[in-house]
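In what follows, a structure is listed as structure tokens, so that the remarks can point back to it.
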Amino acid sequence: MTIRQLSVFIENKLGRINEVTKILAANNINMTAFSLAESADFGVLRLIVSDVNKAAEVLKEARFGVSLAEVVALSLPNTPGALSKVMESIAEKGVFIEYMYAFSQGDVANVVIRPTDISKCLEALKTCDCQVLTESSFA
Amino acid sequence: MIWNPTKECMNAEDKRRLQGERLRKAVDRVYHGVPFYRNKLQERDLRPDSISSIDDITKLPFTTKQDLRDNYPYGLFAVPMSEIIRLHASSGTTGNPTVVGYTRRDLAIWSEMIARCLSAYGADRNDIFSVAYGYGLFTGGLGLHYGVEHLGATVIPMSSGNTAKHIQLIRDFGATALACTPSYALYLAETMAKTGWPRDDFKLRIGIFGAEPWTENMRKEIEAKMGVNAYNIYGLSEIMGPGVSHECECKCGSHIIDDHFYAEVIDPETLEPLPYGEVGELVLTTLTKEGLPMIRYRTKDLCSLNPEPCECGRTSIRMSRIMGRSDDMLIIRGVNVFPSQIESVILELEEFEPHYMIYVDRQNNLDMMEVHVEVRDGFYSDEIKVMMELKKKLAARLHSVLGINADIKLVEPYTLERSEGKSKRVIDRRVLK
């Protein structure tokens with residue numbers, strides 16, 4: 390019930406993100422979600438892509454530092470309070486969130502969550518009005 | 012076995028008295044035999060009778076490799092050529108080669124030194140040594156050769172080259188000991204494995220490795236691949252050649268043959284002697300050498316000294332592994348920093364690739380050091396927090412070793428130069444106004 394998120398280590402240099410997107414495009418890999426975490430001298434690009442194994446392989450070949458992490462992806466109704474309920478259930482289970490990113494359009498809102506405890510998080514989500522997405526949802 | 016217990020296990024007080032007496036004679040020899048030294052001593056108002064104990068050594072001037080070059084070829088010899096019975100020379104890749112000369116007594120002492128080393132490695136007259144250091148101008152081959160003979164063991168003068176033949180002879184002649192460089196030993200071990208000959212066909216049990224710096228990891232690798240006990244031997248031609256110091260069965264530092272060579276460790280910048288345990292430049296004085304005596308010769312090799320008696324029973328002072336060369340030293344905020352210290356910290360941490368680059372800058376009159384490293388595949392993370400922990404871990408380790416803060420910059424894979432050996436690892440961008 391989790392999906393694998395690809396992370397790419399990038400130095401703060403002009404054009405590095407563009408390099409990543411170009412390589413993925415050249416290999417016909419689609420990006421569904423994309424977030425950039427930054428520190429003073431480097432950033433970590435987090436990606437949900439159509440073919441995570443291939444993406445990791447081609448980026449490694451291009452000499453990027455990559456890693457894979459399990460994350461939980463949800464689809465929620467795009468209504469006020471929908472996310473609030475989800476967050477409440479997760480908090481009740483004592484699960485911390487390392488980071489998350491989200492985007493909504495039309496009727497649905499998609500959220501990517503990196504919890505400290507994946508299984509507890511998934512358990513909490515069972516009681517919520519949301520759909521937990523799998524990798525096949527993005528292929 | 013201890014070859015010469017009287018000298019090797021002498022108590023500290025007797026040793027210092029012996030060293031003091033010998034130093035005075037050595038100063039007397041150079042004062043009367045070498046104009047270069049006489050001038051330097053006279054400039055400092057020193058005469059042989061200025062030396063009343065070994066502690067007076069700090070009054071004496073240093074000698075450098077440049078002094079040897081400037082007095083090429085025989086200017087620093089303290090005896091007429093009629094007394095010299097052997098010459099060796101360094102390659103001299105940068106300028107004149109350095110030429111060293113030995114009297115008959117020098118060679119006898121050298122042979123005894125090597126016999127002491129070989130005994131400390133557990134060898135005796137029943138052993139058969141393959142000496143695979145180069146025979147010729149280099150001191151390694153002939154130095155070991157005569158030492159093995161002095162011990163009473165058998166020497167196979169293999170010299171270097173022709174690895175296949177060498178392996179066959181090690182097997183056929185039943186060699187029990189091997190002397191060569193550690194890097195050649197690794198190559199030999201791999202080639203031995205490729206022959207497919209069973210290990211039982213070989214009788215090798217002792218490895219004597221030196222003439223280049225090596226690490227504890229290399230020792231483990233050689234011992235595992237070759238099935239020998241691997242021991243360090245240290246020396247330099249300017250002082251004598253191999254055998255200036257040697258490990259014993261404890262493998263915890265190399266015993267300096269300190270009845271013949273007096274060792275000091277100095278701060279390469281201030282030239283002040285450093286306390287025991289601190290890393291600095293090794294300075295050696297020959298106490299008994301006749302042909303080419305050396306007074307406070309700056310080896311440029313970095314190590315520390317340990318005066319504690321060893322478990323093996325020897326009381327001679329021990330030196331640590333060579334940690335680098337003082338030629339590479341940086342001074343950052345007044346602290347001496349050797350790139351090799353930074354390298355050893357990085358090599359210890361599995362999270363990083365064994366490559367690095369050091370940048371030194373001066374910002375607002377303060378020296379700043381930045382160390383660039385690559386994270387090893389498998390240690391990248393999606394979490395900034397985890398990546399920051401990697402930086403902190405390295406910074407903390409560097410601080411504990413160097414005593415100063417370094418900024419760590421994580422760089423992308425393969426952005427640091429890969430070439431081995433003499434690649435440029437330090438960029439000093441400080442502009443002093």
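Read top to bottom, the protein sequences are chains A and B. One rule links them: number in the numbering used here = place in the first sequence (from 1) + 389. One rule links them: number in the numbering used here = place in the second sequence (from 1) + 11. The beta carbon of each residue, even a glycine, is placed where N, CA and C say it ideally should be.
Query - Check whether I415(B) and I343(B) have beta carbons under 8 Å apart - result: yes
Query raised in the report: Using a beta-carbon distance below 8 Å, is D430(A) in contact with chain B?
Result: yes
Report task. Pick out whichever of F431(A), E427(A) and T421(A) has its Cα sitting closest to the Cα of A444(A). Result -> T421(A)
Requested in this report: Verify the CB distance criterion: does Y425(B) have a CB-CB separation below 8 Å to chain A?
Outcome: yes
Query raised in the report: Apart from the five residues just before and just after I277(B), which ones in its own chain have a Cβ nearer than 7 Å to its Cβ?
Result: E283, P284, L285, G291, E292 and V294
Query - C-beta atoms of L427(B) and H383(B) nearer than 8 Å - result: yes
Requested in this report: Using the Cα positions of R136(B) and T165(B), report the straight-line distance between them to the nearest angstrom.
Outcome: 7 Å
Query - G470(A) burial status per 10 Å Cβ neighbour count (16 or more: buried) - result: exposed
Query raised in the report: For the alpha helix (DSSP H) that L155(B) lies in, which residues bound it at each end?
Result: T150 to L162
Query - Cα-Cα separation, Y144(B) to D430(A) - result: 49 Å
Report task. Let me know if S456(A) comes out buried or exposed under the rule of 16 or more other beta-carbons within 10 Å of its beta-carbon. Result -> buried
Report task. Measure the CB-CB distance between G264(B) and Y242(B) and report whether it falls below 8 Å. Result -> no
Query raised in the report: Would you report the Cα separation of H271(B) and K300(B), rounded to the nearest angstrom?
Result: 8 Å
Requested in this report: State the DSSP-derived secondary structure class of F453(A), mapped to helix, strand or coil.
Outcome: coil
Query raised in the report: Going by C-alpha distance, which of S337(B), K76(B), Y198(B) and W121(B) is nearest N347(B)?
Result: S337(B)
Query raised in the report: For the beta strand (DSSP E) that contains P253(B), what are its first and last residues?
Result: G252 to H257
Report task. For A414(A), count neighbouring Cβ atoms within 10 angstroms of its own Cβ and tell me buried if that reaches 16, exposed if not. Result -> exposed
Report task. Have a look at the DSSP bridge pairing and note the partners of Y370(B). Result -> E381(B) and I438(B)
Query raised in the report: First and last residue of the alpha helix (DSSP H) that includes S194(B)?
Result: P193 to T206
**Report entry** chain B within 8 Å of R393(A), Cβ atoms only
**Finding:** no
Query raised in the report: Nearest to K311(B) by CA position, among R27(B), F47(B) and T75(B), is which residue?
Result: T75(B)
Query raised in the report: Could you give the distance in angstroms between the alpha-carbon of Y425(B) and the alpha-carbon of T410(A)?
Result: 20 Å
Requested in this report: Assign R230(B) to one of three DSSP states: helix, strand, or coil.
Outcome: helix
Requested in this report: Kindly say whether D393(B), judged by its beta-carbon, lies nearer than 8 Å to any beta-carbon of chain A.
Outcome: yes
Query raised in the report: When you compare only the Cα positions, how much space is there between M476(A) and N467(A)?
Result: 15 Å
Query raised in the report: Terminal residues of the continuous alpha helix (DSSP H) containing K396(B)?
Result: I395 to L413
Query raised in the report: Under a CB-based cut-off of 8 Å, is M380(B) close to chain A?
Result: no
Query raised in the report: Quick one: Cα of R247(B) to Cα of P350(B), how far?
Result: The question names Arg, yet the displayed sequence has Leu at residue 247(B). Computed Cα separation, rounded: 22 Å.
Requested in this report: Can you grab the Cα-Cα spacing for the pair V371(B) / V497(A), in whole Å?
Outcome: 53 Å
Query raised in the report: Between which two residues does the beta strand (DSSP E) carrying A186(B) extend?
Result: A186(B) -> no beta strand (DSSP E), and no H or E assigned at all.
Query raised in the report: Does any C-beta atom of chain C lie closer than 8 Å to the C-beta of G454(A)?
Result: Note that chain C does not occur in the displayed structure, where the protein chains are A and B.
Query raised in the report: For a contact meaning CB atoms closer than 9 Å, what does F573(A) contact in chain B?
Result: Residue 573(A) is absent from the structure shown; chain A starts at 390 and stops at 528.
Query raised in the report: Going by the CB atoms, is the gap between E459(A) and R393(A) shorter than 8 Å?
Result: yes
Requested in this report: Using 10 angstroms around the beta-carbon of F398(A), count the other beta-carbons present and answer buried if the total reaches 16, otherwise exposed.
Outcome: buried
Query raised in the report: For K444(B), which of helix, strand or coil comes out of DSSP?
Result: The predicted position of K444(B) is uncertain, since its pLDDT is 46 and thus under 50; no value can be drawn from it.
Query raised in the report: How about V386(B): is its C-beta nearer than 8 Å to some C-beta of chain A?
Result: yes
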